[in-house]
Amino acid sequence: MSAADLTAGREGPLADTDTRLSRTPRVAVADAALRDRLERIWRTEPGLKGWFGTVDHKEIGKRYLVTAFIMLAIGGIEALVLRLQLAGPNKHLLTPEQYNELFSTHGMTMIFLYAGPVLSGFSNYFFPLWLGARDMAFPRMNALSYWIYLAAALFLYAGPLVGAGPNDGWFNYVPYAEKAFNPGINEDIYALGMVFLGISTSVGAANFIVTAARCRAPGMSINRLPIMVWGTLTASAANLVVIPAVSLAFFLLWMDRNLGTSFFTVAGGGEPLLWQHLFWLFGHPWVYAIVLPAMGMVSDGLPTFSRTPLVGYTLVALSTVATMLLGFGVWVHHMFATGLPGLGLAFFSGASIIITIPSAVAVFAWLATIWLGKPVFTTAFKFFAGMILLFVIGGVSGFMTASVPADWQLTDTYFVVAHLHYVLIGINVFPVCGATYMWFPKMTGRLMDERLGWWNFWTMFLGFNLAFLPMHLTGLLGMPRRIYTYDAGMGFSALNMITTIGSFVFAVGVLMFFWNVIKSRRSGAIAGPDPWSGPSLEWTIPSPPPPYNFAVIPTVASRHPLWEDQLDETENRSSFEEGMTLDEGKEALAVSILDAEPDRILKMPSDTTAPFWLTVATAVLFAGLLGKLWWLAALGGIGAIASLAFWNEPRTKLLEREPDAHEERRNG
Amino acid sequence: MSGAPLGYLTSNGARADATVPLTWFLVLLSSAVCLIIAYMLWRAVRRGRAVEAGLPAVARGVGGVRLIFIGLGISSLFLLVALGWTMIALGHVAPMPRRPEITIDVTAHQWWWQADYGGAVPSERFTTANEIHVPVGAKVLVRLHGGDVIHSFWVPKLTGKTDAIPGQVNLTWLEADEPGIYRGQCSEYCGLQHAHMGFEVVAESPREFAKWRAAQLQTAPPPVTPEQAEGLALMEYRCALCHTVRGTSAGSNVGPDLTHLMSRRLIAAGTYPNNRANLAGWIEDPQGAKPGAQMPPQHLTGPQLQAVVAYLETLE
Numbered sequence: 001m002s003a004a005d006l007t008a009g010r011e012g013p014l015a016d017t018d019t020r021l022s023r024t025p026r027v028a029v030a031d032a033a034l035r036d037r038l039e040r041i042w043r044t045e046p047g048l049k050g051w052f053g054t055v056d057h058k059e060i061g062k063r064y065l066v067t068a069f070i071m072l073a074i075g076g077i078e079a080l081v082l083r084l085q086l087a088g089p090n091k092h093l094l095t096p097e098q099y100n101e102l103f104s105t106h107g108m109t110m111i112f113l114y115a116g117p118v119l120s121g122f123s124n125y126f127f128p129l130w131l132g133a134r135d136m137a138f139p140r141m142n143a144l145s146y147w148i149y150l151a152a153a154l155f156l157y158a159g160p161l162v163g164a165g166p167n168d169g170w171f172n173y174v175p176y177a178e179k180a181f182n183p184g185i186n187e188d189i190y191a192l193g194m195v196f197l198g199i200s201t202s203v204g205a206a207n208f209i210v211t212a213a214r215c216r217a218p219g220m221s222i223n224r225l226p227i228m229v230w231g232t233l234t235a236s237a238a239n240l241v242v243i244p245a246v247s248l249a250f251f252l253l254w255m256d257r258n259l260g261t262s263f264f265t266v267a268g269g270g271e272p273l274l275w276q277h278l279f280w281l282f283g284h285p286w287v288y289a290i291v292l293p294a295m296g297m298v299s300d301g302l303p304t305f306s307r308t309p310l311v312g313y314t315l316v317a318l319s320t321v322a323t324m325l326l327g328f329g330v331w332v333h334h335m336f337a338t339g340l341p342g343l344g345l346a347f348f349s350g351a352s353i354i355i356t357i358p359s360a361v362a363v364f365a366w367l368a369t370i371w372l373g374k375p376v377f378t379t380a381f382k383f384f385a386g387m388i389l390l391f392v393i394g395g396v397s398g399f400m401t402a403s404v405p406a407d408w409q410l411t412d413t414y415f416v417v418a419h420l421h422y423v424l425i426g427i428n429v430f431p432v433c434g435a436t437y438m439w440f441p442k443m444t445g446r447l448m449d450e451r452l453g454w455w456n457f458w459t460m461f462l463g464f465n466l467a468f469l470p471m472h473l474t475g476l477l478g479m480p481r482r483i484y485t486y487d488a489g490m491g492f493s494a495l496n497m498i499t500t501i502g503s504f505v506f507a508v509g510v511l512m513f514f515w516n517v518i519k520s521r522r523s524g525a526i527a528g529p530d531p532w533s534g535p536s537l538e539w540t541i542p543s544p545p546p547p548y549n550f551a552v553i554p555t556v557a558s559r560h561p562l563w564e565d566q567l568d569e570t571e572n573r574s575s576f577e578e579g580m581t582l583d584e585g586k587e588a589l590a591v592s593i594l595d596a597e598p599d600r601i602l603k604m605p606s607d608t609t610a611p612f613w614l615t616v617a618t619a620v621l622f623a624g625l626l627g628k629l630w631w632l633a634a635l636g637g638i639g640a641i642a643s644l645a646f647w648n649e650p651r652t653k654l655l656e657r658e659p660d661a662h663e664e665r666r667n668g
Numbered sequence: 669m670s671g672a673p674l675g676y677l678t679s680n681g682a683r684a685d686a687t688v689p690l691t692w693f694l695v696l697l698s699s700a701v702c703l704i705i706a707y708m709l710w711r712a713v714r715r716g717r718a719v720e721a722g723l724p725a726v727a728r729g730v731g732g733v734r735l736i737f738i739g740l741g742i743s744s745l746f747l748l749v750a751l752g753w754t755m756i757a758l759g760h761v762a763p764m765p766r767r768p769e770i771t772i773d774v775t776a777h778q779w780w781w782q783a784d785y786g787g788a789v790p791s792e793r794f795t796t797a798n799e800i801h802v803p804v805g806a807k808v809l810v811r812l813h814g815g816d817v818i819h820s821f822w823v824p825k826l827t828g829k830t831d832a833i834p835g836q837v838n839l840t841w842l843e844a845d846e847p848g849i850y851r852g853q854c855s856e857y858c859g860l861q862h863a864h865m866g867f868e869v870v871a872e873s874p875r876e877f878a879k880w881r882a883a884q885l886q887t888a889p890p891p892v893t894p895e896q897a898e899g900l901a902l903m904e905y906r907c908a909l910c911h912t913v914r915g916t917s918a919g920s921n922v923g924p925d926l927t928h929l930m931s932r933r934l935i936a937a938g939t940y941p942n943n944r945a946n947l948a949g950w951i952e953d954p955q956g957a958k959p960g961a962q963m964p965p966q967h968l969t970g971p972q973l974q975a976v977v978a979y980l981e982t983l984e
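Protein chains in written order, with our numbering: chain A, 1 to 668; chain B, 669 to 984.
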């Protein structure tokens with residue numbers, strides 16, 4: 001066949017390419033009959049089987065988002081209780097044990113159960129829509145990653161529910177986390193729960209990487225990817241490197257606690273600092289994993305509402321990758337006070353200062369985009385623009401702690417608490433709120449209330465700054481972190497009261513957000529496919545999207561397919577109405593990695609409960625380990641193997657992937 | 669800043685002195701960056717103010733990327749200055765004194781500090797707790813030992829943090845410019861009573877320090893009154909499992925050395941003023957005052973408690 005057939009004679013990116021497809025897909029205009037057929041092929045079965053068996057990325061993405069938002073609410077309530085305890089000196093609302101469990105659980109919840117998963121939720125829902133694909137590369141692994149996230153969250157929260165929450169901070173330093181000092185079951189739950197959760201993150205990361213690499217619309221070459229995809233891609237690559245390190249560390253800790261090994265205990269020849277290296281080798285890149293996709297949201301959202309393409313696309317994309325690479329070289333800046341040699345400190349200090357540069361690229365690109373654009377002041381725009389300021393504040397305070405002599409004073413004071421909340425709330429929560437306002441209409445077909453949005457943004461923005469800006473000063477006055485109370489004579493009583501008040505104002509703002517989501521879902525104005533006149537592929541399809549996403553596979557000719565007519569960037573035009581139908585069963589298209597030339601026809605799997613049962617069996621395995629009920633663990637293990645067999649069994653239903661066309665040519 | 673004993677924007681010692689100007693520079697530079705970016709953001713938003721939604725996308729003007737490079741160039745310049753200053757300050761504070769006038773071995777415990785003053789011969793050595801005396805103007809080398817879990821030694825006005833980690837000895841140093849009492853605090857989360865693990869560094873003139881040292885070397889005086897004698901007997905029976913009082917049969921090192929208890933300003937690791945009422949309250953119910961503290965409640969009768977306190981009050 002000639003590739004020109006694919007685009008039916010038009011001048012498109014496919015015009016001159018030699019396709020490697022094994023079959024000539026039908027090229028057609030999307031019509032009602034095709035939509036009906038695709039709907040029948042792709043829809044999730046109704047009832048329980050559909051509920052537990054769906055592999056639709058949109059369904060999974062929504063579940064991720066709802067679960068993550070519930071976690072945000074829980075973590076937020078925990079934070080408010082902590083703030084009440086700290087509102088004034090020598091308060092007795094909480095016992096020391098309750099305070100320590102609460103701040104540890106708050107950290108665990110916000111970092112592992114909200115910040116990471118909420119971005120996965122957006123990416124799960126929107127990756128195929130941004131990329132012009134029918135689903136993620138591995139739909140069943142996608143379902144697995146959600147089920148395991150949910151099960152691990154329940155597993156981790158079993159601790160607080162039975163009065164044995166993690167109590168050693170989310171960073172979980174040994175030897176305090178060892179049995180000798182922490183004899184309860186608290187840390188066993190945390191250690192095993194983190195290994196469990198690591199499975200979800202790894203599976204999800206692999207899926208994002210392959211999906212971004214291979215499951216794009218033809219013509220969406222690597223230099224036309226949305227920045228959000230760049231962010232998720234680099235974060236996922238980092239996760240694949242660091243999650244094994246931290247899972248191993250947590251497993252070694254569990255062995256120390258339960259099997260008598262001594263990886264971290266001095267008495268047995270172990271080394272407490274080993275924990276910190278393993279943990280921060282993970283922990284620091286993880287920070288970038290939960291901010292880079294969120295920065296991507298801003299990089300994609302701001303141009304949409306500024307009505308002009310992102311300034312310096314290539315620079316921003318490269319800076320995303322550069323941040324991640326440098327991020328691997330700075331974990332030691334969490335350990336400046338541990339007595340490492342001076343030369344090492346100098347190196348890591350320098351690396352930590354230099355990492356500011358790629359972040360600065362993003363900031364100036366955003367500013368230039370607003371500067372040269374014509375912004376529309378929607379709530380989403382406010383959240384994205386507000387984020388820039390919070391990002392800068394969180395960034396410069398991070399740069400201050402990169403300076404070793406200063407850090408020896410700053411570290412483990414409230415200055416760092418202020419810094420990390422500017423980073424995590426400013427760079428994660430604000431973009432997520434903006435992204436919700438922006439993409440809610442795509443997901444539900446309804447717009448969120450803009451008037452309530454105005455109140456929502458300003459309450460959150462002012463409340464957040466009222467809470468956390470003075471906290472820098474609290475830190476400079478020397479208030480240590482992780483203390484459940486303080487004396488009146490230390491000089492930080494008034495500042496703590498302001499912070500507590502600010503945190504409640506902020507909480508009211510977050511409530512407005514939730515209320516807007518719930519209210520607009522039922523009674524928001526009908527959105528239509530493209531309420532913001534957006535530039536990217538998701539706006540070409542109906543809201544909410546049909547199960548198959550794109551009736552015909554779109555062909556992409558520029559970075560902003562929907563803005564081509566206005567910007568006249570190129571003579572070629574993207575095509576959304578006409579393209580490959582791929583309707584001979586549940587099919588999707590794979591493309592080559594760099595240039596996005598059509599490459600394979602993927603046979604996509606149907607709904608299956610295998611991921612759910614695999615999760616149940618794995619949960620039983622971990623419960624067995626937790627209770628040291630080896631028979632139960634064995635049962636869970638056997639169940640997991642059986643589920644995997646079941647997963648792989650119905651070959652006829654799954655169908656094999658399209659054979660490699662080149663290989664066939666070579667062989668035949 | 670006088671009302672903030674842990675504040676580190678001012679300092680009273682050579683080691684912290686080198687950090688304070690750097691910290692101020694970073695604070696001011698960072699604040700300036702935030703203000704400039706906020707202003708630019710405000711201008712950018714005002715500049716492009718559009719009236720209606722649904723406006724078609726516009727081709728952007730030229731020069732956007734140039735803005736990025738200009739911004740980067742200016743930022744990098746200041747980053748380099750910060751980097752250079754950091755390295756210079758590091759050169760001042762990181763190297764340990766070659767010939768320290770005094771070396772103190774500090775061991776961090778849940779939740780108190782043990783300070784061992786070394787000497788050439790055993791009779792010059794003594795141990796105290798939660799209160800570290802140093803002579804003004806002397807370079808003091810502190811060798812940090814981890815007693816149980818990781819703690820961090822921090823005296824903001826004199827020196828930044830250094831962790832005390834089990835299985836390794838970390839070094840830090842400090843030098844006080846003027847006499848005074850400087851608050852110290854554990855700054856690495858170490859469990860239930862991390863909040864109450866304070867200590868004080870008392871800087872005094874070399875003469876006073878020598879006097880203090882001589883006093884600390886004394887063993888405890890024998891009891892004078894019958895009540896004190898009863899207190900000593902109770903102490904040797906009840907407290908000796910954990911505490912040392914030199915000159916008596918109490919010689920355990922699980923808890924703080926009490927030989928010169930009354931010479932200290934505060935008890936319970938910097939938590940309460942050291943007076944009769946607090947002392948009695950602490951002995952009777954340490955868990956009420958500091959939940960999770962390693963000292964068990966004593967369940968003494970009223971007269972017994974009086975006797976023990978009466979004896980302890982002789983330990984000057």
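Beta carbons: idealized from backbone N, C-alpha and C, even for Gly. Every value quoted in this text rests on a predicted model; they were computed, and no experiment measured them.
A distance below 8 Å separates the beta carbons of A:Pro431 and A:Met297. When beta bridges are read from the DSSP output, A:Glu578 appears opposite A:Val29.
As far as DSSP is concerned, A:Ile70 takes part in no beta bridge. With respect to chain A, the C-beta atom of B:Val922 has no partner C-beta closer than 8 Å. Its Cα nearest to that of B:Gln778, the residue B:Gly814 stands out among B:Phe794, B:Gly814, B:His760.
Looking from the CA of A:Ala30, the closest CA among A:Val66, A:Ala406, A:Val311, A:Ile541 belongs to A:Ile541. Residue A:Thr369 holds the alpha-carbon nearest to the alpha-carbon of B:Val733 among A:Gly489, A:Thr369, A:Gly398.
Put simply, the backbone Cα of B:Tyr857 is about 14 Å away from that of B:Gly960. Nearest neighbour of A:Leu644 by Cα position, chosen from A:Leu537, A:Phe622, A:Ala610, turns out to be A:Ala610. In the three-state reduction of the DSSP assignment, A:Gly478 falls in the coil class, being assigned neither a helical nor a strand state.
B:Thr754 has a beta carbon lying within less than 8 Å of a beta carbon in chain A. Proximity of the region 669-681 of chain B to the region 837-846 of chain B meets the contact definition, three or more beta-carbon pairs being nearer than 8 Å. Under the 8 Å criterion on CB atoms, B:Val749 is classed as non-interfacial with respect to chain A. Those residues of the region 851-870 of chain B placed with their C-beta closer than 7 Å to a C-beta in chain A are Gln853, Ser855, Glu856, Tyr857, Cys858, Gly859, Leu860, Gln861, His862, Ala863, ordered along the chain. B:Lys879 is outside the set of residues whose beta carbon lies under 8 Å from a beta carbon in chain A. Beta-carbon to beta-carbon, A:Pro166 and A:Tyr190 are separated by about 4 Å, close enough to satisfy the 8 Å threshold.
In the three-state DSSP reduction, A:Ile355 falls in the coil class, being neither helix nor strand. Closest in alpha carbon position to A:Glu78, among A:Val505, A:Met108, A:Thr232, is A:Met108. Note that the region 254-265 of chain A does not touch the region 292-309 of chain A; fewer than 3 beta-carbon pairs, one per stretch, sit closer than 8 Å. A:Met438 and A:Lys382 have their alpha carbons spaced roughly 11 Å apart. At a beta-carbon threshold of 9 Å, the residues of chain A lying near B:Asp816 are Pro175, Tyr176, Ala180, Phe181, ordered along the chain.
Of the residues assessed, A:Leu273 falls on the buried side of the cut-off, its CB having 16 or more other CB atoms within 10 angstroms.
When the Cα atoms are used, B:Ala776 and A:Asp188 turn out to be separated by approximately 26 Å. Within chain A, Ala337, Trp408, Thr411, Asp412 have C-beta atoms less than 7 Å from the C-beta of B:Lys829, given in sequence order. Contact check for A:Trp408 against B:Lys829 passes: the beta carbons are separated by less than 8 Å.
Apart from sequence neighbours up to five positions away, the residues of its chain that approach A:Ile354 with a beta-carbon distance below 8 Å are Leu326, ordered along the chain. Checking the DSSP bridge columns, you'll see B:Thr795 partnered with B:Asp784. Between the alpha carbons of A:Met479 and B:Gly859 lies a gap of roughly 17 Å.
Counting along the chain, B:Glu898 sits inside the alpha helix (DSSP H) bounded by residues 894-906. Residue burial annotation: B:Asp925 is buried, with at least 16 other C-beta atoms found within 10 angstroms of its C-beta. In terms of CA proximity to A:Pro244, A:Leu278 leads the group A:Leu161, A:Leu278, A:Gly639.
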